[in-house]
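Novice: Numbering (the working numbering), first residue to last: 857 to 1075. Glycine included, each C-beta is placed from N, C-alpha and C at the ideal position. Since we're looking at a predicted model, the values are computed, not measured.
#1: Got a sec: does the ligand NAD put a non-hydrogen atom nearer than 7 Å to the Cβ of residue 996?
#2: From the DSSP output, read off the bridge partner residues of residue 875.
#3: For my contact list, residue 1065 and residue 1005 are in at a C-beta cut-off of 8 Å; report their separation, rounded to the angstrom.
#4: To the nearest angstrom, report how far apart residue 905 and residue 1046 are at their CA atoms.
#5: Within a Cβ cutoff of 7 Å, which residues of the same chain sit near residue 1010, ignoring the five residues on either side of it in sequence?
#6: Pick helix, strand or coil for residue 858, following the three-state DSSP scheme.
#7: From the DSSP secondary-structure annotation, give me the bridge partner or partners of residue 1002.
#8: What are the start and end residues of the beta strand (DSSP E) that includes residue 903?
#9: Among 885, 926 and 1074, which has the Cα closest to the Cα of residue 1035?
#10: Given a cut-off of 8 Å, decide if residue 932 and residue 890 are closer than it, judged by their beta-carbon atoms.
#11: Assign residue 864 to one of three DSSP states: helix, strand, or coil.
#12: On the three-state DSSP scale, how would you describe residue 943?
#13: Could you tell me which of 982, 868 and 955 sits nearest to residue 926, measuring between CA atoms?
#14: Could you give the residue range of the alpha helix (DSSP H) that holds residue 1033?
#15: For residue 1038, is the classification buried or exposed, using 16 other Cβ atoms within 10 angstroms of its Cβ as the cut-off for buried?
#16: Please classify residue 953: does DSSP put it in a helix, a strand, or coil?
#17: Locate the alpha helix (DSSP H) running through residue 974, then write down its first and last residues.
#18: What's the call for residue 950, buried or exposed, on a 16-neighbour Cβ count within 10 Å?
#19: When you compare each of 1067, 919 and 999 to residue 1027 by their alpha carbons, which one comes out closest?
Quick look at the structure:
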């Protein structure tokens, strides 16, 4: 449950760490609570809370709080499962070079003249307007810039573009096979890049948007 909650209290409005560290020492700072207290303590009915929120919840009986925790649990389980689908994939080191190059660019070095085509074939604006708008804006602002970086790094032998392309496609196919929706797929691959490279999540999202336009991610 610690991994599931990303080591943070899952109570609405709280994000206290569930493991406290002091120097080289680490100590537990959580309690496991049943979400629906009248049901069995099975994994889907259990959630990790910090001690303060645990005590608050034990004295809480309002239905809306129970419903809120059930929704939080559903989101945590979905996010954890999607990450598990691609957790065994080791990313090509070249992706770090691409992200680092992006991070070093100055504002006036970005080419924002690209006109995205057929994006609506991959993301429906009616069904997921937020994701569509975010990817569209990132493609317009960053596609040509990322393409130039990739071409230059590939020519220099610093990256293997075909390997990166294959890995992005493989992550997408694994997540799709696990029946995750487009928003979950986008967020999961972005988070995978973020954790594996320690680069800013925004730049990782830019890379995923690039490969969506390249038809390697989402269909």
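Specialist: For this structure:
#1: Ligands are entirely absent from the displayed structure, and the ligand NAD is therefore not among its contents.
#2: Residue 875 sits at position 19 when you count from the first residue of the chain shown. Bridge partners of residue 875 according to DSSP: 884.
#3: Working through the chain shown from its first residue, we reach residue 1065 at position 209. Working through the chain shown from its first residue, we reach residue 1005 at position 149. With a Cβ gap of about 14 Å, residue 1065 and residue 1005 do not count as contacting.
#4: In the chain shown, counting from the first residue as 1, residue 905 sits at position 49. In the chain shown, counting from the first residue as 1, residue 1046 sits at position 190. Here the alpha carbons of residue 1046 and residue 905 stand approximately 27 Å from one another.
#5: Start at 1 with the first residue of the chain shown, and residue 1010 comes out as number 154. Answer for residue 1010: 1017, listed in chain order.
#6: As a first step, residue 858 must be located in the chain shown, where it is residue number 2. In the three-state reduction of the DSSP assignment, residue 858 falls in the coil class.
#7: Residue mapping note: residue 1002 aligns to position 146 of the chain shown, counting from 1. DSSP lists no partner for residue 1002.
#8: One-based indexing of the chain shown puts residue 903 at position 47. Boundaries of the beta strand (DSSP E) around residue 903: 902 to 905.
#9: Within the chain shown, the letter at position 179 stands for residue 1035. Comparing alpha carbon positions, the residue from 885, 926 and 1074 closest to residue 1035 is 1074.
#10: The count along the chain shown starts at 1 and reaches residue 890 at position 34. The count along the chain shown starts at 1 and reaches residue 932 at position 76. For residue 890 and residue 932, no; Cβs fall outside 8 Å.
#11: As a working note, residue 864 is residue 8 in the chain shown. Assigned with DSSP and collapsed to three states, residue 864 falls in strand.
#12: To locate residue 943, count along the chain shown from 1; it is residue 87. In the structure shown, the three-state DSSP call for residue 943 is coil.
#13: Position 70 of the chain shown, counted from the start, is the residue given in the question as residue 926. Closest by C-alpha distance to residue 926, out of 982, 868 and 955, is 868.
#14: Counting from 1 along the chain shown, the entry for residue 1033 is found at position 177. 1017 to 1033 is the span of the alpha helix (DSSP H), which, as asked, contains residue 1033.
#15: Your numbering for residue 1038 matches position 182 in the chain shown. Counting the other CB atoms within 10 Å of its CB gives residue 1038 a total of 16 or more, which places it among the buried residues.
#16: Position 97 of the chain shown, counted from the start, is the residue given in the question as residue 953. Assigned with DSSP and collapsed to three states, residue 953 falls in helix.
#17: On the chain shown, residue 974 is found 118 positions in, with the first residue counted as 1. No alpha helix (DSSP H) contains residue 974, which DSSP labels as neither H nor E.
#18: Position 94 of the chain shown, counted from the first residue, corresponds to residue 950. Buried is the label assigned to residue 950, since at least 16 other Cβ atoms lie within 10 Å of its Cβ.
#19: Here residue 1027 corresponds to residue number 171 of the chain shown, with the count starting at 1. That would be 1067, whose Cα lies nearest to the Cα of residue 1027.
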